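**Student:** Residue numbers (this note's numbering): 22 to 134.
First the structure, which I've put down as structure tokens, then a few questions once you've had a look.
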């Protein structure tokens, strides 16, 4: 399946807390869905060493690259993760601000003709 929804993501990470929500927002950039290939590439960037520049799919990493690479260890790049989370939050807020602005203008046009 090409698209990954929030519910699918919860099933994969086996978590439905605010932490999982934050990670999904980072992956989806504020959207309701994210392409699996995009998510795999972002997660691959979060990992340093052992093929961080390649996607999990091309490195044989299984679902979201959770299968450990043979003979290599992978460490988590916290700075790349935090940068992605911050970008996702900004995109989410910009989307909501645009929605509220357009809705406010429409309501204003109805209330104050």
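Heads up, the beta-carbon is just placed ideally off N, CA and C, and yes, glycines get one too.
Keep in mind the model is a prediction, meaning the values are calculated, not measured.
Assuming residue 48 and residue 63 make a contact with CB atoms under 8 Å, what is their CB distance in whole Å?
**Tutor:** Residue 48 to residue 63, Cβ: 6 Å. Contact.
**Student:** Measure the CB-CB distance between residue 46 and residue 110 and report whether it falls below 9 Å.
**Tutor:** Result yes, Cβ atoms of residue 46 and residue 110 sit closer than 9 Å.
**Student:** Does the distance from the CB of residue 57 to the CB of residue 97 come in under 9 Å?
**Tutor:** For residue 57 and residue 97, no; Cβs fall outside 9 Å.
**Student:** Could you check what DSSP says for residue 30 in three-state terms: helix, strand or coil?
**Tutor:** Residue 30: helix per DSSP, three-state reduction.
**Student:** Which partner residues of residue 55 appear in the DSSP bridge assignment?
**Tutor:** Answer is 25, bridged to residue 55.
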